[in-house]
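*Asks:* Using our numbering, you'd call the opening residue of the sequence shown number 16 and step up by one each time.
Right, I'll just put the structure down here and ask away after.
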Amino acid sequence: MPSATHSASPAGDPPALTVVVPGLPIGQGRLSSMGPGRMVHSNAKTLLPWREQIAAHTRWAMNDAGITEPLEGPMALTATFTMPRPKSAPKSRWAPDRRPDLSHLLRALEDATVLAAAVVDDSQYVDEHVAKVYGPLPGVTFTISPAVRGEQVAA
16 MPSATHSASP
26 AGDPPALTVV
36 VPGLPIGQGR
46 LSSMGPGRMV
56 HSNAKTLLPW
66 REQIAAHTRW
76 AMNDAGITEP
86 LEGPMALTAT
96 FTMPRPKSAP
106 KSRWAPDRRP
116 DLSHLLRALE
126 DATVLAAAVV
136 DDSQYVDEHV
146 AKVYGPLPGV
156 TFTISPAVRG
166 EQVAA
């Protein structure tokens with residue numbers, strides 16, 4: 016069953032949306048050419064159902080939160096991907112430092128939130144905090160919220 020929470024933000028900002036999606040997280044693979052104008056993800060058979068599962072849970076959470084339109088403006092995305100611990104992983108390994116890449120998991124999540132119409136475009140994400148951890152229940156928990164305005168100074 017979907018799990019969602021939301022909270023009102025000050026100054027009329029869009030509400031924060033938290034979504035829990037069970038299942039084995041799948042990273043977005045590279046694109047392969049299948050002829051002129053036809054590109055396919057190398058792992059499309061597993062990626063597309065995972066992205067649709069994220070999108071479905073996101074739509075349910077939006078409905079539960081009373082959000083009927085895509086969130087607009089700069090957004091922050093916080094996500095934790097929970098991976099099953101492989102039997103071959105040493106007990107001393109506290110985090111999954113193997114495939115799938117965290118950046119590939121994040122790309123699949125960003126695209127799924129656009130597919131769900133949670134945001135208009137994934138370029139709205141201006142602040143992202145992501146982690147990949149071991150846990151007994153694989154999946155992803157993520158929150159989309161208005162980005163906090165602040166000064167950024169180049170290093």
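We put the beta carbon where it would ideally sit given N, CA and C, even for glycine.
Here the structure is a predicted model, which is why all the values come from computation and not from measurement.
Can you round the beta-carbon distance between Gly42 and Pro153 to whole angstroms, since I take them to be within the 8 Å contact cut?
*Replies:* Actually they are not in contact, since the Cβ atoms of Gly42 and Pro153 sit about 13 Å apart, beyond 8 Å.
*Asks:* Fully enclosed by the stretch 70-109, which beta strand (DSSP E) runs are 3 residues long or longer?
*Replies:* DSSP runs (the beta strand (DSSP E)) wholly in the stretch 70-109: 90-98.
*Asks:* Determine which residues share a DSSP beta bridge with Gly150 and list them.
*Replies:* DSSP output for Gly150 lists no bridge partner at all.
*Asks:* Suppose you measure from the CA of Ala76 to the CA of Pro151; what does that come to, to the nearest Å?
*Replies:* The straight-line gap from Cα to Cα measures roughly 23 Å.
*Asks:* Using a threshold of 7 Å, state whether the C-beta atoms of Ala133 and Thr73 are closer than that.
*Replies:* Contact flag set, yes.
*Asks:* Taking C-alpha atoms, which residue in Tyr140, Thr128, Val145, Lys102 lies nearest to Trp65?
*Replies:* The residue with the shortest Cα to Cα distance from Trp65 is Thr128.
*Asks:* Going straight from the alpha carbon of Ile82 to that of Ala131, what length do you get?
*Replies:* Cα to Cα, Ile82 sits roughly 12 Å from Ala131.
*Asks:* Along the alpha helix (DSSP H) that carries Ala127, what are the first and last residues, could you check?
*Replies:* 117-130 is the extent of the alpha helix (DSSP H) around Ala127.
*Asks:* Cβ atoms of Pro89 and Ala146: under 7 Å apart, would you say?
*Replies:* No. Outside cutoff.
*Asks:* Find out if the Cβ-Cβ distance for the pair Val36, Val148 is shorter than 7 Å.
*Replies:* In this structure, Val148 does not lie closer than 7 Å to Val36 by Cβ.
*Asks:* Whole angstroms are fine: how far does the CA of Pro105 sit from the CA of Ala71?
*Replies:* Near 35 Å, if we compare the C-alpha coordinates of Pro105 and Ala71.
*Asks:* Rounded to whole angstroms, what is the Cα-Cα separation between Asp116 and Asp126?
*Replies:* Answer to the nearest angstrom: the Cα atoms are 16 Å apart.
*Asks:* Within the same chain, show all residues whose beta-carbon is closer than 8 Å to that of Asp137, passing over the 5 residues directly before and after it, in chain order.
*Replies:* Hits under 8 Å: Glu125, Asp126, Thr128, Val129.
*Asks:* With Thr97 and Phe157 assumed to form a contact (beta carbons below 8 Å), what rounded beta-carbon distance in angstroms separates them?
*Replies:* Contact doesn't hold; Cβ gap of about 11 Å is too wide.
*Asks:* Ser107: buried (16+ other C-beta within 10 angstroms of its C-beta) or exposed?
*Replies:* Flag for Ser107 reads exposed.
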